[in-house]
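Inspection log for the structure reproduced underneath, given as structure tokens.
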Amino acid sequence: MEKKPHLVRREFPPRQVPALSLALLLAAVLLLNALLYLYLSEPRGSTGRAESQPGLCPFGHFKLGGMKNCSPWLSCEAMNREVRKLKRVGEGAVKKVFLSEWKENKVVVSQLTNPELKEDFLHGLRMLKSLQSQHVVRLLGFCEEQFTILTEYHPLGSLRGLNETLHMPKYKAMNTWHRRLMLAIDYVSIIRYLHNSPLGTLVMCDSNDLDKVLSQYLLTSDFHILVNDLDALPLVNRSAGRLVKCGHRELRGEFVAPEQHWPYGEEVPFEDDLMPPYDEKTDIWKIPDVSSFVLGHVEGSDIV
Ligand SMILES: Nc1ncnc2c1ncn2[C@@H]1O[C@H](COP(=O)(O)OP(=O)(O)OP(=O)(O)O)[C@@H](O)[C@H]1O
Ligand SMILES: *[C@@H]1O[C@H](CO)[C@@H](O)[C@H](O)[C@H]1NC(C)=O
Ligand SMILES: *[C@@H]1O[C@H](CO)[C@@H](O)[C@H](O)[C@H]1NC(C)=O
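Heads up: the sequence shown begins at 0 in numbering that gives the first Met the number 0, then just goes up one per residue.
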């Protein structure tokens, strides 16, 4: 009688301890999983880029930052009704680019500048529709009749501003060889994606010097690269033996690949019909120069 309460008292703790430690262990494993998940998803950006990837919306739909559901691409009517232009943020040969507002979201309206280039504009729009992926700027709507395209806004602008951005106090911590190597990998991944795209092998023409190349890409706020300008993207069809030419004129610029140069010397005037076509390898010549720009001159980037 004396021992019983004692025994009872001693019997409980051993039973409770496994239950308690099991619960603790489970909690620890869950916590570790959560931390690991957060850590692994961090380089892709903690802003939830993964969940807002266009791939997770059906074709013809998009999702932006705070939106719960996928919305269909905006039509001419919706754009005229709901989008307000704020200010011009860029201009190229083909498009004028305006920072705009749509339902409290910052967006970009691109409009054809020169009616002679409407084929390029419409080609760019077709490519944008077909190539929506983690590598391509998100399409939010378009109006073919008015030659207008609506895309997501990226405040850091084109890749051309990379150096200046990385020297801003706010982004100084990003200026490491590791981050910059990640960007270079992004760039190469985009080229690989275009060469193996759902439409076939596409060549990134319109990139005859460094500045031109950089202006076709955007830098996202979570430090990734997206391709933005898809106006000059001809298709190589190997099985049909069809190669491409980047335009009908003689190309000039430091990035013009050897096979893109007029092969018949100064004496023979350039003639498009005589110019031999080429394939996607013209994009590969540029990779060292672009990578070198992206890596820049930070501690360690010379070793990379
Ligand atoms: N979504 C965006 N967010 C922020 N800036 C943008 C965006 N889209 C375009 N821009 C800016 O506008 C510039 C011109 O855009 P884009 O390259 O589409 O025009 P373009 O007329 O096709 O140019 P090109 O002369 O190369 O053909 C870009 O280099 C970039 O600086
Ligand atoms: C990068 O930008 C900084 C500040 O704007 C400037 O001092 C530096 O010379 C630039 N470097 C290159 C390689 O352009
Ligand atoms: C390539 O050309 C062949 C024959 O013309 C065609 O059947 C095929 O669909 C083309 N491939 C692509 C990717 O366009």
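The beta carbon of each residue, even a glycine, is placed where N, CA and C say it ideally should be.
Checking the 8 Å criterion, the Cβ of Gln131 is out of range of every heavy atom belonging to ligand 1. A distance below 8 Å between beta-carbons, with the five flanking residues on each side excluded, links Lys86 to the following residues of its chain, in chain order: Phe97 and Leu98. The alpha carbon of Val235 has as its nearest neighbour, out of Pro268, Arg248, Ser214 and Pro276, the alpha carbon of Pro276.
For the pair Ala77 and Ile190, the Cα-to-Cα distance works out to about 34 Å. Closest option to His153, judged by alpha-carbon separation, among Leu161, Trp261 and Leu232: Leu161. Note on Asn79: under 16 other CB atoms within 10 angstroms of its CB, so exposed under the neighbour-count rule. Glu76: not part of any beta strand (DSSP E); member of the alpha helix (DSSP H) spanning Cys75 to Glu81, first to last residue. In the DSSP assignment, Ile302 falls outside any alpha helix (DSSP H), carrying neither H nor E. Secondary structure of Asn113 (DSSP, three-state): coil.
If you ignore the 5 residues before and after Leu198, its C-beta comes within less than 6 Å of the C-beta of Ser129, all in its own chain and listed in chain order. For the 9 Å CB-CB criterion, Gly252 and Asp208 form a contact. In the displayed model, Ser188 falls within a helix according to three-state DSSP. When Cβ pairs closer than 8 Å are counted between the two stretches, the stretch 242-259 is seen not to touch the stretch 165-184, the count staying below three.
Annotation for Asn113: Ala92 and Val93 place their beta carbon closer than 8 Å to its own, counting only its chain and skipping 5 residues before and after. For Phe97, the enclosing beta strand (DSSP E) stretches over residues Lys94 to Trp101. By the Cβ neighbour-count rule, Ala231 is buried, with 16 or more other Cβ atoms within 10 Å of its own.
Within 10 angstroms of the beta-carbon of Glu103 lie fewer than 16 other beta-carbons, which makes it exposed. In the displayed model, Pro168 falls within a helix according to three-state DSSP. Beta-bridge analysis with DSSP links Val135 to Val226. Counting C-beta pairs closer than 8 Å gives three or more between the stretch 235-250 and the stretch 258-270, which meets the contact rule.
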